[in-house]
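**Q** Here you go, one structure.
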Amino acid sequence: MKSSVIYEGKHHKWVVFGRDESKPEKIVDTNQYLICTDTESMLLDPGGIELFSPMLTGILGYTDLNKLTTLFASHQDPDIISSLGLWDKTIPKAKLYAPLLWEGSIRHFGMENIKFMAIKDEGGEVKLGSNTFRLIPAHYLHSAGNFNLYDPEAKILMSGNIGGAQEKGDVPMFVEDFGKHVAYMEYFHRRWMPSNRAKMNWIARVKELEINIMAPQHGRIFKDEDVQEFLAWFEKLDVGCA
Ligand SMILES: [Fe+2]
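Quick note: the sequence shown uses my numbering, first residue 2, plus one each step.
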């Protein structure tokens with residue numbers, strides 16, 4: 002499992018984990034994000050059960066386990082949160098922020114100890130140390146109940162499946178040539194995202210945010226002008242069709 006710091010501020014830092022060389026071939030590669038403050042840490046889209054041990058080892062390089070107080074699941078899929086049953090035994094006092102819509106499904110991954118913090122459809126906030134993060138609705142992109150997490154200080158939007166790419170191998174963490182990157186994103190967005198109306202609602206919502214980094218759950222991360230390139234490309238793309 003590779004990791005790198007993508008933001009380091011006064012109060013907190015962001016770390017991405019991915020490009021897991023130990024994962025079985027037919028398992029999709031995913032990005033997991035860790036936000037560390039001095040007092041607490043939060044893991045975003047913690048990943049599948051298969052990734053639990055490399056993730057645990059990776060995280061310990063950046064934070065103490067007793068500081069890992071918070072998990073966030075953008076939606077209910079197994080590559081997002083099927084590791085929950087193992088986290089439940091490892092950090093039993095933690096909280097999980099996840100869509101209310103999916104509580105009944107997510108609990109099937111095993112959750113006896115961790116506290117479920119239901120995110121209502123309209124979104125909300127997560128506090129961590131002295132930081133406050135916004136939970137931005139991204140419903141139907143692709144999941145029916147789906148959220149992004151926005152960090153107003155770092156200006157990072159963790160965008161879940163939006164911006165995801167299916168590029169194989171040990172590729173760089175950041176997009177380097179947007180034009181070339183489109184080839185790895187197009188089918189995924191057309192086939193997985195079911196609604197042009199939901200897409201336009203989301204674009205209008207995130208255009209109000211200042212975004213320096215857009216961090217998806219699959220593939221490379223967008224920064225600076227590539228974020229605006231993505232929004233313009235996504236706006237034109239007809240989704241909900243293969
Ligand atoms: Fe998903």
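We put the beta carbon where it would ideally sit given N, CA and C, even for glycine.
Treat the numbers as computed from the prediction; the structure is a model and nothing was measured.
Take every Cβ of the segment 130-140, pair it with every Cβ of the segment 30-42, and state whether three or more of those distances are shorter than 8 Å.
**A** Yes, they touch.
**Q** Reducing DSSP to helix, strand and coil, say where Val240 ends up.
**A** The answer is coil: DSSP assigns Val240 none of H, G, I, E or B.
**Q** Assign Ala139 to one of three DSSP states: helix, strand, or coil.
**A** Looking at Ala139 - three-state DSSP - the assignment turns out to be coil, as it is neither helix nor strand.
**Q** Just to be sure I understand the criterion: a residue counts if its Cβ is closer than 7 Å to at least one heavy atom of ligand 1. Which residues meet that?
**A** Working through the chain, the matches are His76, Asp78, Asp80, Ile81, His143, Ser144 and Asn162.
**Q** If you drop the 5 nearest sequence neighbours on each side, which residues of the same chain put their C-beta closer than 8 Å to that of His12?
**A** Within the same chain, His12 has close Cβ partners Thr38, Asp39, Gly130, Ser131, Asn132 and Glu154.
**Q** Here's the rule I'm using: 16 or more other beta-carbon atoms within 10 Å means buried, otherwise exposed. How should Lys94 be labelled?
**A** Burial call: exposed.
**Q** Would the segment 117-126 count as touching the segment 137-146 if we require 3 or more Cβ pairs under 8 Å?
**A** Yes, since at least three Cβ pairs between the segment 117-126 and the segment 137-146 fall closer than 8 Å, the two stretches touch.
**Q** Does Val207 pass the burial test, meaning 16 or more other C-beta atoms within 10 Å, or should it be called exposed?
**A** With 16 or more other Cβ atoms within 10 Å, it is buried.
**Q** What is the residue span of the alpha helix (DSSP H) that Ile163 lies within?
**A** Where Ile163 is concerned, there is no enclosing alpha helix (DSSP H), given that its DSSP letter is neither H nor E.
**Q** Can you say whether Thr71 is buried or exposed, counting buried as having 16 or more other CB atoms within 10 angstroms of its CB?
**A** Buried: at least 16 other Cβ atoms inside 10 Å.
**Q** Need the endpoints of the beta strand (DSSP E) that Pro100 sits in, please.
**A** Lys96 to Pro100 is the span of the beta strand (DSSP E), which, as asked, contains Pro100.
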